[in-house]
Amino acid sequence: MDEQVTRLVDKAWEGFQQIPEDRRLLIAIGGIPGSGKTTLSQKVAMAINARHATLHPETPVTETASVAAFVPMDGYHLTRAQLSAMPDPAHAHARRGAEFTFDGAAFLRLVRALRVPLSSETKPVLAPSFDHAVKDPKPDDIAVLPGHRVVVFEGNYVCLDREPWREAASLMDERWFVDVDFVTARRRLVARHVRAGIAADEDEAGRRADENDLLNGEEIVKNRVPVDEVVVTVSVVEVEAPALTNEAASSKKRKSQVEEIEVDLSLPEPPSKKAKRLLKKGKPLPVEPASDDEAEDDGVPPSKTTTKDGKEKRSDHGIWIGNLPFHLTRADLFKWLIDNSGGAITEENITRVNLPMMKASGGKGRQRTEGEEQKPQNRGFAYVDFDSEAAHVAAMALTESELGARRVLIKDSKSFEGRPHKESTSTENGPQSGTNGMAAAKNNTSKKIYVGNLSFQTTEDDLRAQFDKCGEIEWLKVATFEDSGKSEGGDRDGR
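If you want this note's numbering, it's the position in the sequence shown, counting the first as 1, plus 556.
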């Protein structure tokens, strides 16, 4: 298998070197479900980017420096709402993954857009990804940048001889098809469905594979456009156990065994979840860290400094940032700081992002809507370290800027003024850290408080119910948006 991959990478690289500078090399890799086309597509895109980085060491390893983008077809699934609007919704949902459950016209528009000659005016072309958490496409989540001169498409129907897929395939420079026997594909699909939680057990997973995936596979094989390459996937070799002696054969604990071994010595370690996310967004893989301790899983640079005893050393240029949207991730915050700093903050400047997390709100008593899953949420604040005072100052200047409909509060990490903190209380055993609200109130002469990080659905009645136990509320005001009337995320009240 590795010889095939190396040959295909060499072929793609040669094609990339030969195309005019105003064109992209478009490669379509198709195959039936469970054929291994996704793995092959990712390996080709990663290898091209790695080769380019090796031959051009002066080029920084950034998103804009990568030359190959990976675009899976998953983002062109019709949404569940669109399936429900079909004449036979039950059939549409049961057959999700069949050709008619994809937006082929939208996929064709993407390919046409990437066929437009490149120029100084070329802008990023956006494509959808598939959000497995919500089981629907995520619009405009993959960016094919002007610098992406090679685009690797992957999907069941990228080589289908039926419109509009046929026209999309005709616009490709290379069409490759990953061939696999249906027995191997079924075995892989069963394992995949159980592992992903799509099926409860192997029997259910087998029925799903037989009644949907492999039916689609038959259509794909029978209606395939002429292709430039047929890639034969790994086969299964059965190895019988050595013959047993009479004494061993008589033992109930020893039985004849047949073990399945999937031979694929050529493949390196499978790509991590982080690598798959970066590839779907057309981003290069980060440089391998010097140790496992430095590895992160969300694309945020993991560089840290340590003391001689191996303990983590905090930067002298850190910030605390509060009033964050609860759904924000480390990668979101990392990107926001860079995008809004006017070039003053780069990826290399950010050395640490600490975003404390908590479980999503809602307990047993809360009714969830269909398909809703409980997701982890952040605690509304984060700590970010920088490598220089200039980057630190630029970050501090972003305080009161809007992030996800909230105005964030940014303070120096060593300053606790203006942000929530635990009050220090004294006991007969000495000072202790605590959150005794009554003790803190004795040192506060103001009768008004500010409550931040509120849900947009928060009402005055909600707050009264929460604070009535503390005493009579003389005045309460929830700040709301003028257009929607929803909470801005903060309020003031007085007692």
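Using N, Cα and C, we set each Cβ at its ideal position, and we do this for glycine too.
- ILE906 sits away from PHE709, with the two beta carbons spaced by 8 angstroms or more.
- Classified as exposed, ASP759 has fewer than 16 neighbouring CB atoms from the shown chains inside 10 Å of its CB.
- Residue state for PRO912 is assigned as coil, using DSSP reduced to three classes.
- The DSSP assignment places 636-640 and 645-650 as complete runs of the alpha helix (DSSP H) inside the segment 617-661, in order along the chain (cut-off: 4 residues).
- Residue pairing for GLN933: DSSP places it in a beta bridge opposite MET914.
- In terms of Cβ geometry, GLY660 and TRP721 form a close pair [threshold 8 angstroms].
- DSSP lists PHE942 as the beta-bridge partner residues of HIS873.
- With the rule of 3 Cβ pairs closer than 8 angstroms, the segment 766-780 counts as touching the segment 585-602.
- Scanning its chain for C-beta atoms nearer than 6 angstroms, with the 5 sequence neighbours on each side dropped, one finds around GLY586 the residues VAL714, CYS715 and PHE733, in chain order.
- Per the Cβ contact rule, the segment 736-754 is not in contact with the segment 562-576 (fewer than 3 Cβ pairs under 8 angstroms).
- When only Cα atoms are considered, ARG665 and ASP644 end up about 27 angstroms apart.
- Nearest to ARG579 by C-alpha distance, out of VAL672, ASN896, HIS883 and GLY1008, is VAL672.
- DSSP places ARG962 within a strand segment (E or B) once states are collapsed to three.
- DSSP places ASP759 inside the alpha helix (DSSP H), whose first and last residues are 758-764.
- THR678: not part of any alpha helix (DSSP H); DSSP gives it neither H nor E.
- The beta-carbon separation of PHE663 and ALA724, rounded to 6 angstroms, stays under the 8 angstroms limit for a contact.
- Apart from the 5 residues on each side of it in sequence, VAL700 sits with its Cβ closer than 8 angstroms to the Cβ of ALA625, VAL627, LEU670, PRO680, VAL681, LEU682, ALA683, VAL707 and GLY838 in its chain, given in chain order.
- If you check the CB distance, ILE875 and LYS967 come in under 8 angstroms.
- Under the DSSP assignment, ILE894 falls in the alpha helix (DSSP H) whose first and last residues are 886-895.
- In this model, ASP630 and SER622 are separated by some 22 angstroms (Cα to Cα).
- In the displayed model, GLU775 falls within a helix according to three-state DSSP.
- In terms of Cα proximity to ASN712, the closest of SER597, GLY571, PRO702 and ASP943 is SER597.
- Counted as a single uninterrupted DSSP element, the beta strand (DSSP E) harbouring ILE583 occupies residues 581-587.
- Comparing C-alpha distances from PHE738 to each of SER726, VAL777, ALA752 and MET728 shows the shortest one belongs to VAL777.
- Annotation: LEU727 is outside any alpha helix (DSSP H) and is labelled neither H nor E by DSSP.
- Around ASP766, the same chain offers no residue with a beta carbon nearer than 7 angstroms, after the five sequence neighbours per side are excluded.
- Exposed is the label assigned to VAL788, since fewer than 16 other Cβ atoms lie within 10 Å of its Cβ.
- Of the residues assessed, MET914 falls on the exposed side of the cut-off, its CB having fewer than 16 other CB atoms within 10 angstroms.
- If you compare the alpha carbons of LEU581, ARG607, ASP1018 and THR902 with that of ARG668, the shortest gap goes to LEU581.
- Secondary structure remark: continuous beta strand (DSSP E) runs of at least 3 residues inside the segment 702-749, in chain order: 706-710 and 730-735.
- Straight-line spacing of the CA atoms in SER675 and ALA650 works out to 44 angstroms.
- In this structure, DSSP gives PHE1012 a state outside helix and strand, which the three-state scheme calls coil.
- Rounded to the nearest whole angstrom, the C-alpha separation of GLN573 and ARG833 is 27 angstroms.
- Around ALA752, the same chain offers no residue with a beta carbon nearer than 7 angstroms, after the five sequence neighbours per side are excluded.
- Short of 8 angstroms from the beta carbon of ALA601, and not among the five residues preceding or following it, lie these beta carbons of its own chain, in chain order: ALA624, ALA625, PHE626, VAL706, VAL708 and LEU835.
- Secondary-structure assignment with DSSP links LYS967 through a beta bridge to TRP876.
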